Amino acid sequence: MSDFSFIQKSELFSYSGTNCIRNDYYHHECQLCVEICPEDAFHIVRDKLTLFSNECIECSACIGSCPTEALSITSFDPNAYTVSFKDTQEKLLSCKKTTACLGAFDAHHYITMALSSEQMPACDMSHCQECSLNKDKKVASFIRDEINKTNIFLSDCGLKDGVVIIEETTEEENPKRALFKAAFSKVKDAIEEDEKSLSMTLEYQKDPNKNGLPLKFLHLKQALKENISKVSFTSHATNFDIFAKKEISFKDCTNCGDCINFCPTEALLHTSDKQGINFNVGNCIACGICDHICKTDAIKTAKGIDLVDVAFDRGVELVHYEMVMCSECRCPYPYRGGDPICDRCADFREDFAHIFTLQKDM
Ligand code: SF4
Ligand code: SF4
Ligand code: SF4
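Take 364 as the starting number for the sequence shown in the working numbering and just add one per residue.
Encoded structure:
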């Protein structure tokens, strides 16, 4: 059975359709949660993501995969855990002791923990191989990929240590759906008492002033800012999949503003005179929507990223135009030199030149 409201819930787990980038932008093809869910609780119905709540066992394995934090569980908040990590004694992330399934974290969380703490996080993956959540090895491979991504980032930044993976015991694990349900319903009462501290992410999402940036991205920026002295190399040739620097071709951009209107995080904004486009790399989550929506392929991801720009929200003007009135249609358009005629009228002239010629000859 499925629900079709914006928020779909099982007992503790919820999926917010308004925060899902796939549902927010019709052409986005994200289905990371569908791929990782061990119980096939997510389905794409009429191109929209739908949670079949009866199938969800509230294991939290999918939470970290969501780039826009549309998925959450009231029993464990990876953002709250990440923020408190620097003050915890034991730097061990273990589904048996300190956390929910490590699938609840992604590279944003690991990098934040690694930068803000004196000691690197150690991830206990000893139980992954035998865990019933790890069907087709998808959950373990997601966890490993995110840790690898983190360690590449840390190493490129000049840090000599990285997140440690522990794979020691192979004790038999076979948590069944019923066990998960029972375990989580037992903690439900305790959760209700302390719901606020467990739901930092949900509280953040209710904030009317937030600009669409996922909380894990905000925490990562803060960790970079506070620990920039630990980073020996701030300028990089790659964007690590989690950042993107954009560029706009002056020749191709029509200043239509579509990229601005569809950017989910306000990384792109009109200049105050509306005749140009500003970009804040510290707000860009590399979703690619602007590239997709641009009809003239004017906007692209540029090579390289500077972490100081990301951490300190350094904005840059990508294009600026002088808007002039088109001599044919009298509409304002971005002037690039030559006859004052807009692209639409220039195309029209070219497409129907033969008709005008015939008229002239008659
Ligand atoms: S991973 Fe997140 S953004 Fe992607 S389809 Fe699932 S809920 Fe939507
Ligand atoms: S980059 Fe593309 S979408 Fe953005 S304003 Fe220019 S033409 Fe429009
Ligand atoms: S600037 Fe483009 S890639 Fe970056 S968040 Fe906005 S739409 Fe996504």
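Glycine included, every Cβ here is placed at the ideal spot set by N, Cα and C. Please read all numbers here as calculations on a predicted model, not as lab measurements.
Task: Segments of 4+ residues assigned as alpha helix (DSSP H) that fall wholly inside the segment 642 to 689 - done: 652 to 656 and 670 to 674
TODO: Alpha carbon to alpha carbon, how far is F711 from C429? Give it in angstroms, no decimals.
DONE: 45 Å
Task: Own chain residues within Cβ distance below 6 Å of I426, not counting five before or after - done: L434 and A467
Task: Helix, strand or coil at D487 [DSSP, three-state] - done: strand
Open item on the list: Does the contact criterion of 3 or more C-beta pairs under 8 Å hold for the segment 471 to 487 versus the segment 578 to 596?
Closed with: yes
Open item on the list: By the DSSP assignment, the beta strand (DSSP E) with Y696 in it spans what residues?
Closed with: P695 to Y698
TODO: Let me know the secondary structure DSSP gives S377 once reduced to three states.
DONE: strand
Open item on the list: At the level of alpha carbons, what is the spacing between E589 and N514?
Closed with: 19 Å
Open item on the list: ligand 3 and A665: does any heavy atom of the ligand fall closer than 7 Å to the residue's C-beta?
Closed with: no
Task: Three CB pairs or more closer than 8 Å across the segment 644 to 664 and the segment 691 to 704 - done: no
Task: Counted within 10 angstroms of its Cβ, other Cβ atoms place T431 as buried (16 or more) or exposed - done: buried
Open item on the list: For E398 and Y388, I'd like the C-alpha separation in whole angstroms.
Closed with: 19 Å
Open item on the list: By the DSSP assignment, the alpha helix (DSSP H) with V408 in it spans what residues?
Closed with: V408 -> not in any alpha helix (DSSP H); beta strand (DSSP E) instead, spanning F405 to V408.
Open item on the list: Only counting the same chain, and skipping five residues up and downstream in sequence, which positions put a Cβ closer than 6 Å to that of G575?
Closed with: P627 and T628
Open item on the list: I'd like the list of long-range same chain contacts for I436, defined as Cβ closer than 8 Å, with 5 residues on each side in sequence excluded.
Closed with: L375, F376, S377, E421, S423, I426, A463 and A467
Task: Separation of D706 from G639, as counted between CA atoms - done: 17 Å
TODO: Compute the Euclidean distance between the alpha carbons of R693 and C647, then round it to the nearest angstrom.
DONE: 36 Å
Task: Separation of M686 from L578, as counted between CA atoms - done: 38 Å
Open item on the list: Are the CB atoms of F642 and V679 within a distance shorter than 8 Å?
Closed with: yes
- [ ] Could you pull the start and end residues of the beta strand (DSSP E) that V527 belongs to?
- [x] V527 to I529
Open item on the list: Would the segment 600 to 615 count as touching the segment 507 to 521 if we require 3 or more Cβ pairs under 8 Å?
Closed with: yes
Task: DSSP-derived helix/strand/coil call for F516 - done: helix
Open item on the list: Can you list, in chain order, the residues of its chain with a C-beta nearer than 6 Å to that of A503? Leave out the 5 residues immediately preceding and following it.
Closed with: C491 and N497
Task: Per-residue DSSP class, three states only, for E610 - done: strand
TODO: Would you give the residue range spanned by the alpha helix (DSSP H) that K579 belongs to?
DONE: L578 to E589
Task: Length of the line joining the Cα atoms of E531 and T413 - done: 38 Å
Open item on the list: I need the boundaries of the alpha helix (DSSP H) containing S479, first residue and last residue.
Closed with: A470 to S479
Open item on the list: My output table needs one value for T564: the three-state DSSP class, helix, strand or coil.
Closed with: helix
Open item on the list: Going by DSSP in three states, V550 sits in which element: helix, strand or coil?
Closed with: Confidence is the limiting factor: at V550 the pLDDT is only 47, short of 50, which leaves the residue's position unreliable, though a coordinate-based value still follows. Correct three-state label for V550: helix.
TODO: Using 7 Å as the cut-off, classify the Cβ of P627 as near or not near the heavy atoms of ligand 5, replying yes or no.
DONE: In the structure on display, ligand 5 does not appear, and the ligands it does have are ligand 1, ligand 2 and ligand 3.
Open item on the list: Using only the alpha-carbon positions, how far apart do L632 and L681 sit?
Closed with: 10 Å
Task: Given 8 Å, three or more beta-carbon pairs between the segment 399 to 411 and the segment 437 to 451 - done: no
Task: Per-residue burial, C494 [other beta carbons within 10 Å of its own, 16 or more giving buried] - done: buried
Open item on the list: Less than 7 Å separating the Cβ of P430 from some heavy atom of ligand 1?
Closed with: yes
TODO: Just grab the DSSP bridge partners of H633 for me.
DONE: I640
- [ ] Count the other CB atoms, across all protein chains shown, that sit within 10 Å of the CB of P484; report buried if there are 16 or more and exposed otherwise.
- [x] buried
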